[in-house]
Amino acid sequence: MHELAITQSVVDAVVERTGPARVTAVRLVIGRRSGVVPESVRFCFDLVTAGTPLAGAALMIDEPAGRARCRRCAAEFVADDVLVLCGCGCADVAVDGGDDLRIASVSLVPTAAEAS
Amino acid sequence: MCETCGCDDPAAAPRLTSFSADGEAAGCSGRELLLEQRVLAKNDEQAEQTRQWLAARSVLAVNLMSSPGSGKTTLLERTVRDLAGRWPLAVVEGDQESVRDAERIRAGGVPVVQVNTGRGCHLDADMVDRALRVLDPPADGVVFVENVGNLVCPALFDLGEGVRVVLTSVTEGEDKPLKYPHMFAQADLVLLTKCDLVPFLAVDVDRCIGLIRRINPAADVFTLAGLHLPAGVPGTEPEPGLAAWYAWLDARRRRPDARPRAAVAGRV
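If you read the sequences in order, they're chains A and B.
Using my numbering, the letters of the first sequence correspond one by one to residues 2 to 117.
Using my numbering, the letters of the second sequence correspond one by one to residues 30 to 297.
Written as structure tokens, this is what we have:
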């Protein structure tokens with residue numbers, strides 16, 4: 002359950018940037034090879050955001066896969082796991098991406114000036 | 030039109046569905062702030078400061094990780110007993126609760142700080158920083174950081190260590206590297222422990238080592254046996270894996286900054 006600490010890090014990082022402004026949506030990028038389970042982050046999100054400016058915010062998670070290329074047969078394919086095996090049986094595979102773990106953006110309640 | 034959720038009217042009722050338990054609707058306000066920030070940026074910044082602090086003292090920090098019961102504390106007890114007179118040693122013990130492990134290490138005459146993580150399942154860079162400041166490790170030594178027993182979460186958290194060592198015992202079965210590849214993919218060294226029990230188990234040690242090499246071709250792999258036995262027991266000395274472990278540590282201790290740790294999965 003490192004997702005609890007991960008989710009806490011998300012909330013801390015957002016509040017550090019946005020202060021007391023109410024956050025209505027959070028967009029995360031959690032790659033399929035990152036070792037973080039999006040469902041667990043969702044599970045923790047309401048618990049961790051309670052009592053913060055993120056309380057009640059929507060959580061959207063993009064889950065990109067990585068791109069793999071076999072060094073033996075040059076086949077290219079999607080890598081959605083840490084362990085990657087080419088269809089030709091070769092494990093000597095170069096993998097790019099799919100390990101993201103970042104906060105893409107947040108939506109904020111408009112300030113009085115912006116709303117008018 | 031709002032670029033985020035497609036709502037036409039920024040003043041209209043929220044369109045995005047909240048996952049909150051109380052069902053309160055959450056809306057797209059139309060004011061989006063791009064962050065593009067790594068989730069673990071704060072931890073990684075602290076880890077980097079710790080790494081520099083250790084490098085300034087020429088101290089090698091060793092992050093020891095495994096599932097509970099693989100023999101981390103037993104390895105440390107034996108290691109501090111054998112090396113305490115040779116190099117300055119210190120230990121940070123991480124567990125959810127209790128000071129049991131710290132008491133076992135202190136019995137070997139080495140300074141130790143116990144970190145209890147409570148509900149936490151791993152050590153993070155801030156906990157280790159605070160422990161190191163209490164320990165105040167002397168120059169040219171080695172600090173062992175025994176992480177919380179867990180093959181999943183500690184893999185994600187950079188502590189500022191110089192090297193990562195993963196233990197897996199033969200009693201856990203040979204498939205552990207396949208089941209927990211994140212952990213093994215980041216190890217500088219894998220120690221296969223309790224190998225004296227192999228005759229009593231249906232475990233294929235060669236296959237286990239093959240799996241480790243497949244996941245992480247760069248990692249060194251040593252086997253260990255009989256660590257629980259007192260030194261000098263006939264038939265257990267010299268323990269070749271133990272000598273290899275000490276030589277491995279010594280090579281990295283002499284040049285603690287020689288091998289920067291590989292990028293951790295999940296970092297951008």
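Cβ coordinates follow ideal geometry from the N, Cα and C atoms, glycine included.
It should be emphasised that the depicted structure is a prediction, and the values quoted were computed from it without experimental measurement.
Exposure of residue i, with buried meaning 16 or more beta-carbon neighbours within 10 Å
i	result
phenylalanine 186 of chain B	buried
glycine 32 of chain A	buried
histidine 257 of chain B	exposed
glutamate 157 of chain B	Note on identity: in this sequence residue 157 of chain B is valine, with glutamate being the wrong assignment. Buried, by the Cβ-count rule.
valine 163 of chain B	exposed
lysine 205 of chain B	buried
alanine 113 of chain B	exposed
glutamate 190 of chain B	buried
aspartate 153 of chain B	buried
phenylalanine 229 of chain B	exposed
proline 183 of chain B	buried
cysteine 57 of chain B	Any reading at cysteine 57 of chain B needs caution, since the residue's pLDDT is 45, under 50, leaving its predicted position unreliable; the model's value is listed next. That one is buried.
glutamate 61 of chain B	buried
Coil, strand or helix - residue i by DSSP
i	result
phenylalanine 46 of chain A	helix
alanine 105 of chain A	strand
alanine 216 of chain B	coil
glycine 239 of chain B	helix
threonine 146 of chain B	coil
serine 96 of chain B	coil
glycine 123 of chain B	strand
alanine 273 of chain B	helix
alanine 50 of chain B	Confidence in alanine 50 of chain B is poor, its pLDDT being 35 and thus under 50, which makes the residue's placement unreliable; the coordinate value appears in the next sentence. Note: alanine 50 of chain B maps to coil in three-state DSSP.
threonine 222 of chain B	strand
glycine 56 of chain B	Confidence at glycine 56 of chain B is low in this model, with a pLDDT of 43, below 50, so its placement is unreliable and the value that follows should be read with caution. Note: glycine 56 of chain B maps to coil in three-state DSSP.
valine 91 of chain B	strand
serine 198 of chain B	strand
threonine 102 of chain B	helix
arginine 193 of chain B	strand
valine 297 of chain B	For valine 297 of chain B, the predicted model reports a pLDDT of 29, less than 50, meaning its position is unreliable; a value from the coordinates is still stated below. Note: valine 297 of chain B maps to coil in three-state DSSP.
Neighbouring residues, chain A, relative to residue i (Cβ below 7 Å)
i	result
proline 210 of chain B	Val83 and Leu84
Beta bridge counterpart(s) of residue i as assigned by DSSP
i	result
methionine 61 of chain A	A:Arg28
cysteine 71 of chain A	A:Val94
glutamine 66 of chain B	A:Ile104
arginine 284 of chain B	Per DSSP, none; premise fails for arginine 284 of chain B.
arginine 110 of chain B	According to DSSP, arginine 110 of chain B bridges with nothing at all.
glutamate 132 of chain B	Note: glutamate 132 of chain B sits in no beta bridge, so no partner.
alanine 80 of chain A	A:Gly67
leucine 83 of chain B	Its beta-bridge partners do not exist; DSSP assigns none.
phenylalanine 173 of chain B	B:Val91 and B:Val120
aspartate 233 of chain B	The partner list for aspartate 233 of chain B (beta bridge, DSSP) is empty, contrary to what the question assumes.
Contacts of residue i in chain A (Cβ-Cβ under 9 Å)
i	result
histidine 151 of chain B	His3 and Ala6
lysine 71 of chain B	Ser10, Asp13, Ala14 and Glu17
arginine 133 of chain B	Going along chain A, no residue has its Cβ under 9 Å from arginine 133 of chain B, so there is no contact; the nearest lies around 26 Å.
leucine 300 of chain B	One cannot answer for residue 300 of chain B here, as it falls past the ends of chain B, which runs 30 to 297.
CB contact flag (residue i, residue j, <8 Å)
i	j	result
leucine 196 of chain B	serine 99 of chain B	yes
arginine 243 of chain B	alanine 92 of chain A	yes
asparagine 176 of chain B	alanine 214 of chain B	no
valine 79 of chain A	cysteine 87 of chain A	no
isoleucine 241 of chain B	alanine 248 of chain B	yes
leucine 118 of chain B	valine 139 of chain B	yes
glycine 67 of chain A	arginine 103 of chain A	no
Beta-carbon neighbours of residue i, restricted to chain A and to distances below 8 Å
i	result
leucine 62 of chain B	Arg18, Thr19, Ser106, Val107, Ser108 and Leu109
alanine 184 of chain B	Gly36
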